[in-house]
Structures are given as structure tokens and as C-alpha cells.
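The block underneath contains the structure these notes are about, expressed in C-alpha cells.
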Amino acid sequence: MDTETVNQSAVPARFYPQAIVNITNRCNLHCSHCFVYRDGNPNQPVSEPSDDDLLAQIREIRDRHRIGAMLWMGGEPLIKKDLLRRGLPLFARNTITTNGTIPLADFSDVTENLLYVISLDGPEALNDSIRGEGVFRRVMDNMGRLPSGFPHVVQCQCVVTRRNQDSLPEFVEIISRSPFRHLTFSFHVPARNDTTGNAWESVRQRDDAIRLVMELKKQMGGLIRNRTRSLEMMLSENNPGKITGNCPAKQLILPLYLSGRTLVSPFCCYGNDVDCDRCGAWVVFEMAAALENPAVAARQLHLPD
């Protein structure tokens with residue numbers, strides 16, 4: 013695929029074990045660093061398809077590419093709970109990425125394999141400066157209201173930036189005392205013309221943040237799910253460009269964004285305008301680490317042995 017959005021009807025019928033689908037461009041937050049709403053990406057919350065229409069497109073794409081695992085995103089996907097209840101059974105494995113401000117639904121009647129991923133970007137004041145006043149407390153209140161025995165694993169994901177890297181130890185301590193089962197760190201994927209102040213100017217400047225996460229992982233045991241190997245691969249001394257230059261996510265994940273009433277595929281899971289040379293996406297380097305072991309790759313990436 014080129015850097016322009018491609019209509020799914022024009023995509024060759026190759027195998028993708030996983031996909032990411034944006035089921036709505038509507039969201040109840042306006043996060044300042046959200047990659048979905050950057051210029052050049054299909055992201056207008058108008059003229060969206062009916063649930064029936066969108067599910068028909070998803071089924072057709074699933075069958076054409078033999079997709080076995082789906083990550084549901086938006087916008088805010090929990091705005092579309094009815095669609096999710098109908099869509100989750102279409103796949104053997106599911107992940108819902110949400111901002112966590114809407115109470116999590118129990119979908120155990122339609123799927124046995126569902127992971128929730130909730131996005132937070134640091135301690136309360138820092139997170140709310142990015143995601144909006146009161147967001148951190150709303151997320152934690154929803155987590156505290158989860159019933160005992162809630163059937164789905166709930167994981168927190170934090171995007172590490174230049175702005176929040178110094179607050180990570182405090183944030184990890186907060187999450188360790190919360191109902192979250194796990195925590196993962198993804199490193200900011202900037203646009204090519206990034207002017208937000210969130211990005212490091214080079215991968216070398218990012219090294220201190222990566223080494224801090226590695227140290228926190230040692231201290232916190234199983235809480236932090238990033239593989240040590242994936243973090244090592246991000247370090248400048250290990251030439252992360254050899255990973256992003258042959259990106260495993262582009263090879264193994266089909267990104268699906270909504271453009272009006274139609275699902276289309278941007279250049280990357282993160283859109284059309286990404287700076288691959290400074291990519292720190294959790295999914296890219298976790299996949300690269302898994303692919304070093306064929307047995308692990310088959311099990312975790314849903315590939316043939």
C-alpha cells in the first residue's frame with residue numbers, strides 16, 4: 013500500500029492474521045495527541061454506515077483475508093456496544109481499545125476471548141492535561157465499579173512521550189495499586205511534521221525513556237507486559253530502523269479506518285502521516301520480538317507453525 017488510503021475493494025486477497033477496525037469516528041473525548049484525528053487520515057464522524065452495513069463489510073474482509081483476531085477501536089468503540097455484541101463473535105480473539113470513560117460491558121455471552129485495553133497517559137494532572145479534565149478520575153471510578161469476577165482481562169496502556177517520561181515511576185505505582193491486571197507502554201509515533209512537543213528529535217534521545225521502562229519492568233515483575241527483548245530492539249544502539257524498515261505490523265495487521273460509509277486501509281495502523289524512522293509502537297516491536305521464536309510467533313501472532 014502507498015501512503016494514501018486504499019479502498020478495501022482494491023486490496024489483493026492476501027493473508028492477514030490480525031486486523032484493526034475503526035468502527036466509528038465519533039468520540040466523547042478530544043485528546044490532544046490522538047493519531048486518528050491527525051490531518052490526512054480518514055476520520056470525519058459523518059455519514060457513517062449502519063451497523064448492518066459495517067458488519068457486512070467486516071465479514072467480507074474477514075473472509076477475504078482469513079483474519080482470526082480483531083482489535084476494535086474508534087473514535088470510542090463503546091459508543092457502539094450493540095455493534096460490538098454482534099461483531100465480537102465473528103473472530104476467535106478480540107481486543108477493545110477504549111478511553112475507559114464509559115463503563116466496560118460484559119460480553120462473555122458472545123465471546124470467550126476478549127481483552128480490554130484502556131488508555132491513560134500518566135498521573136491524574138498530566139493525563140487530564142492531554143485527555144480532558146476529570147478523565148483520570150472517571151476511568152478509575154469505572155475500574156473500581158467492575159464487579160468481582162469480571163470475565164475480561166483489563167489492561168492499561170500508556171503512550172510515553174517527551175512530556176510524560178519523567179512521571180512514569182509515579183504512574184506505575186498508581187497502576188500497581190489499581191484493579192488493572194497489566195500495564196503496557198507504547199512510545200509516541202509522531203507524524204512526519206510533528207510539532208506537538210511529544211516526540212523526541214531522534215531515537216537516540218528516546219533511549220533514556222526506554223531504559224526507564226526496562227528498569228520499572230524489573231522492579232514490578234509481571235505488571236508490565238512489554239517484553240524485555242522488544243524494549244531492547246527500540247534502543248538506538250540496536251538500530252530500530254531495521255525493524256521499522258521491514259515493519260512486521262504492516263505485514264501482519266490489516267488496518268481498517270472508516271471513510272464515510274466505507275472501510276479503507278491507511279498506510280499504517282497509525283495512519284497515513286507516520287514518521288517510521290521514529291516509530292516506537294508497542295505492536296511493532298512486540299511482534300518483532302515474537303517473530304524471533306517461530307513457536308511463540310505461531311501462538312501469539314496467530315501464524316501457521
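Residues 13 to 317, numbered by my numbering, are exactly what the sequence shown covers, in order. Backbone N, C-alpha and C define an ideal beta-carbon position, used for all residues, glycine too.
Using DSSP bridges, identify the partner residues of residue i.
i: residue 84; result: 33, 108
i: residue 28; result: Residue 28 is not bridged to any residue.
i: residue 283; result: 280
i: residue 164; result: Beta-bridge pairing links residue 164 to no other residue.
i: residue 169; result: 131, 196
Does residue i pass the burial test, meaning 16 or more other C-beta atoms within 10 Å, or should it be called exposed?
i: residue 139; result: buried
i: residue 11; result: The question about residue 11 has no answer, for the chain in this structure spans 13 to 317.
i: residue 307; result: exposed
i: residue 25; result: exposed
i: residue 229; result: buried
i: residue 207; result: exposed
i: residue 216; result: exposed
i: residue 148; result: buried
Per DSSP, what kind of secondary structure is residue i in: helix, strand or coil?
i: residue 233; result: helix
i: residue 293; result: coil
i: residue 200; result: coil
i: residue 240; result: helix
i: residue 248; result: helix
i: residue 49; result: Residue confidence is low: residue 49 scores 48 on pLDDT, short of 50, so the model does not pin down where it sits. No coordinate-derived value is stated.
i: residue 58; result: coil
i: residue 122; result: coil
i: residue 131; result: strand
i: residue 259; result: coil
i: residue 95; result: helix
i: residue 65; result: helix
i: residue 116; result: coil
Using only alpha-carbon positions, find the residue among the options that is nearest to residue i.
i: residue 181; options: 37, 117, 232; result: 232
i: residue 274; options: 68, 31, 25; result: 68
i: residue 72; options: 102, 188, 86, 218; result: 102
i: residue 218; options: 183, 154, 199, 299; result: 199
i: residue 89; options: 117, 80, 110, 30; result: 110
Run the proximity test for residue i: is its beta-carbon closer than 7 Å to any non-hydrogen atom belonging to the ligand ATP?
i: residue 78; result: The model depicted lacks the ligand ATP and carries no ligand whatsoever.
If you follow the beta strand (DSSP E) that residue i is in, where does it begin and where does it stop?
i: residue 342; result: Limits of the chain in this structure are 13 at one end and 317 at the other, which puts residue 342 out of reach.
i: residue 276; result: 274-277
Between which two residues does the alpha helix (DSSP H) carrying residue i extend?
i: residue 267; result: Counting along the chain, residue 267 falls outside any alpha helix (DSSP H), though it belongs to the beta strand (DSSP E) covering 265-271.
i: residue 177; result: It is not in any alpha helix (DSSP H) - residue 177 carries neither H nor E in the DSSP assignment.
i: residue 149; result: 147-156
i: residue 213; result: Neither: residue 213 is in no alpha helix (DSSP H) and is coded neither H nor E.
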